[in-house]
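The next block holds one structure in the form of structure tokens; read it before the comments.
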Amino acid sequence: MRHPDVVIVGGGIIGCACAYYLSKEGVRVLLIERGGIGCGASKAGMTHVVTWEEPEVHLQLAKASRRLYQELSQVLPLDIQYRETGSIAIVERPEGMAAFEETVRRLQAWGVKCRLLSATELTSLEPNIAPDVGGGAYFEEDAQVSPLHATHAMAWAAKERGAVIETFSEVVGIERSPDGHQVTAVQTAKGRIPCSSIVIAAGAWSGQIAKLVGLDVPILPRKGTLVVTAPVPEGLFRCKILLAAGYMDSVREGASSSVAVAANIQQVKNGNLLLGSSRQFVGFDARVDAYVVSMMIKRNLRFFPVLAKVTAIRTWAGFRPYTPDLLPIISAVDSIEGLYIAAGHEGIGITEAPITGKLISQIVTGQAPDMPLGVLSLSRFNEIS
Ligand SMILES: Cc1cc2nc3c(=O)[nH]c(=O)nc-3n(C[C@H](O)[C@H](O)[C@H](O)COP(=O)(O)OP(=O)(O)OC[C@H]3O[C@@H](n4cnc5c(N)ncnc54)[C@H](O)[C@@H]3O)c2cc1C
972 MRHPDVVIVG GGIIGCACAY YLSKEGVRVL LIERGGIGCG ASKAGMTHVV TWEEPEVHLQ
1032 LAKASRRLYQ ELSQVLPLDI QYRETGSIAI VERPEGMAAF EETVRRLQAW GVKCRLLSAT
1092 ELTSLEPNIA PDVGGGAYFE EDAQVSPLHA THAMAWAAKE RGAVIETFSE VVGIERSPDG
1152 HQVTAVQTAK GRIPCSSIVI AAGAWSGQIA KLVGLDVPIL PRKGTLVVTA PVPEGLFRCK
1212 ILLAAGYMDS VREGASSSVA VAANIQQVKN GNLLLGSSRQ FVGFDARVDA YVVSMMIKRN
1272 LRFFPVLAKV TAIRTWAGFR PYTPDLLPII SAVDSIEGLY IAAGHEGIGI TEAPITGKLI
1332 SQIVTGQAPD MPLGVLSLSR FNEIS
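Listed below in structure tokens is the structure:
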């Protein structure tokens, strides 16, 4: 397509969700991805649709996305392996229960469907959890989706509505009008593509793309490593998503170079377990670090000793797009007409992709967004500095 209405930079789950919802509105979309569809964080991620990450704006985004995933699982041309599994968060020690109880009560007050579990309730539900944990909570509305299937399915459905998906093509420049206030074209290694709107959805690389127009977008790569096991029997864990309640603390740890690790296991449809998860600021160094893998396995064994009998078959790492306030940027750029940003979802981009795509389609087409976007605007960072 040589004259698209909108060019999307990046073919991860966020870019593909934008392509899907924009093309549903009849917008002529060209998505440009420098590798294959989903080759960035979206291929490296786990499967958790998390409905209880604070603050409240994440709860709203997750709730809206969960509803959209229910629809998408019915209409997309591929099985995205969406299933409403619930999840269990586990408190490591009895003395941690009081603080977690407070969190659960607060989440309940916001409408999150969850209930506390005593240590006895927990281990009778899940006999393969270590018997000396403090207790936990069950999150009824959490779900699973295959990020790679969802990414490809949304790209495919966008194509069915006329979108063009150009893979193995890198955006290397963005052109603006002489006064600098309006985007006019993107440049790729293959040529120049005139357009009046551009959505930067390049995940952890979004800051680099924004620099092409002199914009400072504070997104850093936050590396995450995963271990994959051979398929395990269905009943090994009854719930498909089990994680340490301290997982959310590892998300909130600041931008230091030390490693934050939290136990997190998810069983995918074909029986393999994904063992997570780590967080590190090491630039774009994608090498899998044996020390980090050993820390992750140790943390998971602490909660799930039965894993000692399981065979690990693969590891990989990917880059979560991190913002300093841990909120995504879903925003028009005030100073440059036609420029939009959909990035910075850190560890919750799989969850929030559908609503991000829908909100971007609403702001690009001039409709009222489904929710207020001030807290997700790019200008919130300018206001801070
Ligand atoms: C280990 C791990 C576990 C995770 N688990 C979960 C989970 O259970 N639940 C959840 O909700 N989230 C999870 N996440 C987070 C989630 O994976 C990310 O938030 C999400 O994938 C980000 O999607 P994205 O499309 O913004 O970025 P990406 O998928 O990284 O896509 C960005 C794309 O932009 C492309 N690109 C970059 N530069 C250019 C250029 N110049 N031109 C063209 N294209 C370009 C890249 O090639 C890339 O494909 C996890 C992440 C990791 C790493």
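Numbering (our numbering), first residue to last: 972 to 1356.
Cβ atoms here follow ideal geometry from the backbone N, Cα and C, with glycine treated the same way.
Taking residue i and residue j to be in contact with their CB atoms under 8 Å, please state how far apart those CB atoms are, rounded to whole angstroms.
i, j, result
"A1015", "L1197", "7 Å"
"G1006", "F1139", "7 Å"
"L1095", "G1106", "Strictly speaking, residue 1095 in this sequence is Ser, with Leu absent from that position. Not really, about 12 Å apart at Cβ, beyond 8 Å."
"I1307", "R1147", "7 Å"
"A1101", "F1274", "6 Å"
"A1288", "A1257", "5 Å"
Any idea if residue i is buried or exposed, counting beta-carbon neighbours within 10 angstroms, 16 or more meaning buried?
i, result
"Y1262", "exposed"
"T1091", "exposed"
"I1284", "exposed"
"F1290", "buried"
"E1004", "buried"
"V1046", "exposed"
"Q1338", "exposed"
"V1073", "Going by the sequence as given, residue 1073 is Glu instead of Val. Exposed is the call here."
"G1082", "exposed"
"S1356", "Caution applies to S1356, whose pLDDT of 38 falls short of 50 and renders its modelled position unreliable; the value that the coordinates give is listed next. Exposed is the call here."
"H1123", "buried"
"V1346", "exposed"
"D976", "buried"
Candidates the options: which alpha carbon is nearest residue i's?
i, options, result
"G1315", "R1258, G1106, T1327, P1292", "P1292"
"A1080", "G1057, S1089, E1027", "E1027"
"K1280", "A1288, I1268, E1073", "I1268"
"G1242", "R1209, M1219, A1035, S1036", "R1209"
"V1199", "V1264, L1310, T1286", "T1286"
"L1078", "K1034, Y1040, E1055, S1044", "K1034"
"L1213", "M1017, S1302, G1144, K1130", "M1017"
Per DSSP, residue i is paired with what?
i, result
"T1138", "In the DSSP output, where bridge partners are listed per residue, T1138 has none listed."
"E1308", "Q1153"
"H968", "With the chain running from 972 to 1356 in the structure shown, residue 968 is simply not present."
Given a cut-off of 8 Å, decide if residue j and residue i are closer than it, judged by their beta-carbon atoms.
i, j, result
"A1108", "G1328", "no"
"L1244", "V1203", "yes"
"V1335", "S1117", "no"
"L1001", "V1135", "yes"
"A1233", "R1270", "yes"
"R1250", "G1195", "yes"
"V978", "V1157", "yes"
"R1223", "L1297", "yes"
"E1042", "K1084", "no"
"I997", "A1172", "Here residue 997 is Gly; the residue named in the question, Ile, does not match the sequence. In this structure, A1172 does not lie closer than 8 Å to G997 by Cβ."
"P1295", "P1165", "no"
"G981", "V1154", "no"
"K1240", "Q1052", "yes"
"A1313", "A1129", "no"
"R1054", "A1114", "yes"
"I1331", "I1301", "yes"
"A1216", "F1352", "no"
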